[in-house]
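In the working numbering, each number is its position in the sequence shown, counted from 1, plus 1. Yeah, the Cβ is synthetic: ideal placement off N, Cα and C, and Gly gets one too. Quick caveat, the model's predicted, so the values are computed rather than measured.
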Amino acid sequence: MTRGMQLYALALLALIVYLFFKLVYVPAEVRELNQQLQADTYLADYPYQFKVLRIENGKAFVTTPRSASVSVPEIIAVLDPTLDGVSIEDDRYQKAQQGLADRQAHVHQKVVSDPEITGVYWELDEDWLRKHGVLP
């Protein structure tokens with residue numbers, strides 16, 4: 002193998018190792034926050050599991066099924082299939098919507114209670130929405 006080929010192979014190996022760690026490695030602070038969310042009894046039995054994706058400059062990026070681009074009734078129907086087609090005026094629907102909002106607020110408070118976190122950015126969980134047929 003020529004010297005150029007060796008350098009090329011080494012650079013390619015370094016790139017593969019870098020990409021592997023970039024895709025697979027979860028920083029300790031992200032792992033700790035996710036463990037706290039998973040252990041929280043208020044969130045444990047909820048059909049949607051919020052997750053911290055990453056932390057950048059003190060800001061935590063957390064998944065959510067809610068977005069202005071996604072119909073809330075569709076999300077509620079996935080979270081509680083018995084509410085599929087129920088009027089948004091129905092008390093059960095209102096309770097389910099408030100339950101989602103309350104849990105999202107709870108996640109926000111839990112995440113920002115970490116002294117290293119100065120804010121939360123919500124990131125639409127498109128994978129979860131696709132898996133449940135809300136997004137194509």
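Query: Do you know whose CA, among TYR43, GLU75 and ILE56, lies nearest VAL113's CA?; Result: ILE56
Query: Under 8 Å Cβ to Cβ from GLU117, same chain only, skipping five residues before and after it: list those, please.; Result: GLU30, ILE56 and GLY59
Query: Around the C-beta of PHE111, are 16 or more other C-beta atoms found within 10 angstroms, so that it is buried, or is it exposed?; Result: First, the amino acid is wrong: residue 111 is Lys here, not Phe. So LYS111 ends up on the buried side.
Query: Please confirm whether PHE51 and THR64 have their CB atoms less than 8 Å apart.; Result: yes
Query: With DSSP as the reference, identify every bridge partner of GLY134, one or two as the case may be.; Result: In the DSSP output, where bridge partners are listed per residue, GLY134 has none listed.
Query: Quick check: what's the CA-CA separation for HIS133 versus VAL79?; Result: 7 Å
Query: When we look at the beta-carbon of VAL121 and count the other beta-carbons within 10 Å, is it buried (16 or more) or exposed?; Result: buried
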